[in-house]
Amino acid sequence: MKKLILFAALALLPILLLAQTQDDTQAQAQEQTQVQPPAQAPEQPQAEAPQHAQDKNLKKISFPKAFIHAGKEYPAGDYWLVLTEKEGKPLFTVSNAQQEPLFEDLAIVKVRSGGRTGSSFRVNKQLMKDGEYFRVKVTTPGQWLMGYFLVKK
Numbered sequence: 018m019k020k021l022i023l024f025a026a027l028a029l030l031p032i033l034l035l036a037q038t039q040d041d042t043q044a045q046a047q048e049q050t051q052v053q054p055p056a057q058a059p060e061q062p063q064a065e066a067p068q069h070a071q072d073k074n075l076k077k078i079s080f081p082k083a084f085i086h087a088g089k090e091y092p093a094g095d096y097w098l099v100l101t102e103k104e105g106k107p108l109f110t111v112s113n114a115q116q117e118p119l120f121e122d123l124a125i126v127k128v129r130s131g132g133r134t135g136s137s138f139r140v141n142k143q144l145m146k147d148g149e150y151f152r153v154k155v156t157t158p159g160q161w162l163m164g165y166f167l168v169k170k
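Numbering of the sequence shown is given in our numbering, commencing with residue 18 and proceeding in unit increments.
Dropping the structure here:
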């Protein structure tokens, strides 16, 4: 019985310490907000948007097969991709080998779970399972940005 009581006390100890730490942090946060002088002119609060890779040159991407975009056919080969943002929406700007812009394609944004922070930035390309689409996937700290290109049959 004594062991059970001791075990229960040891199990509750970290929970109590965590609650006390949270209370201390909240009290410090309240003190900091009270100490700050009022702002002279109220500014509109800016929502902190997830980090976007603005005008990020993804370099040369090799498309393994011919593809179609907006009814126009493009041969297999090397294309330059630049990740840009227009009106708050991420876009892939696709250019030919001479880096002349060919078209822009809207990126599909998917939130990355896990709350990872940091500065990892990675580009992954692959032919989808059914071979119908070629995907370019850009991994950023808070999200995935994907572009799908229809493979010519």
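Just so it is clear, CB atoms sit at the ideal spot from N, CA and C, and this is done for glycine as well.
Can you look up SER79 in the DSSP assignment and give me helix, strand or coil?
Locating residue 79 in the sequence shown gives position 62, where the first residue counts as 1. In this structure, SER79 counts as strand in the three-state DSSP scheme.
So, are the CB atoms of VAL128 and GLY159 less than 8 Å apart?
In the sequence shown, residue 128 corresponds to position 111, counting from 1. In the sequence shown, residue 159 corresponds to position 142, counting from 1. Contact flag set, yes.
Excluding sequence positions up to five away, which residues of its chain have a Cβ less than 8 Å from the Cβ of GLN143?
Numbered from 1 along the sequence shown, position 126 holds the residue referred to as residue 143. Answer for GLN143: PHE151, ARG152, LYS154, listed in chain order.
Burial state of PRO107 (16 or more Cβ within 10 Å)
For this step, residue 107 is matched to residue 90 along the sequence shown. Its Cβ being crowded by 16 or more others within 10 Å, PRO107 is buried.
Within 10 angstroms of its Cβ, does LEU75 collect 16 or more other Cβ (buried), or is it exposed?
Indexing the sequence shown from 1 puts residue 75 at position 58. That one is buried.
Could you pull out every residue in the same chain whose Cβ sits closer than 8 Å to the Cβ of PRO81, ignoring the five residues on either side in sequence?
Locating residue 81 in the sequence shown gives position 64, counting from the first residue. Here the set comprises ALA93, LEU144, PHE151.
Strand pairing of PRO92, partner residues [DSSP]
Stepping through the sequence shown from its first residue, residue 92 is reached at position 75. Beta-bridge pairing links PRO92 to no other residue.
Option nearest PHE84 by Cα separation, candidates GLY105, GLU102, GLN116, PHE120
Along the sequence shown, one-based indexing puts residue 84 at 67. The option with the nearest alpha carbon to PHE84 is PHE120.
Whole beta strand (DSSP E) runs in the region 122-168 with 3 or more residues, listed along the chain?
125-128, 139-144, 150-156, 160-168
Have a look at ASN113 and ASP95 and give me their C-alpha separation to the nearest angstrom.
As a working note, residue 113 is residue 96 in the sequence shown. As a working note, residue 95 is residue 78 in the sequence shown. Approximately 7 Å, taken between the alpha carbons.
Cβ-Cβ separation, PHE109 to ALA124 (assumed contact under 8 Å), whole Å
In the sequence shown, counting from the first residue as 1, residue 124 sits at position 107. In the sequence shown, counting from the first residue as 1, residue 109 sits at position 92. Yes, they are in contact, since the Cβ atoms of ALA124 and PHE109 sit about 6 Å apart, within 8 Å.
So, for ASP72: in the same chain, excluding its five sequence neighbours on each side, which residues have a beta-carbon less than 7 Å away from its beta-carbon?
As a working note, residue 72 is residue 55 in the sequence shown. Around ASP72: VAL99, THR101.
Going by beta carbon distance, what residues of the same chain come within less than 8 Å of ILE78, once the five residues before and after it are set aside?
As a working mapping, residue 78 is identified with position 61 in the sequence shown. So the qualifying residues of the chain are ASP95, TYR96, TRP97, LEU98, VAL140, LYS142, VAL153.
Secondary structure at ASN113, three-state DSSP: helix, strand or coil?
Residue numbering aside, residue 113 sits at position 96 when the sequence shown is read from its first letter. Reduced to three states, the DSSP call for ASN113 is coil.
Shortest alpha-carbon distance to LYS146 belongs to which of THR157, TRP161, TYR165?
As a first step, residue 146 must be located in the sequence shown, where it is residue number 129. That would be TYR165, whose Cα lies nearest to the Cα of LYS146.
If you measure between the beta carbons of GLU90 and LYS170, is that distance less than 8 Å?
As a first step, residue 90 is located in the sequence shown; it is residue number 73 there, counting from the start. As a first step, residue 170 is located in the sequence shown; it is residue number 153 there, counting from the start. Contact flag unset, no.
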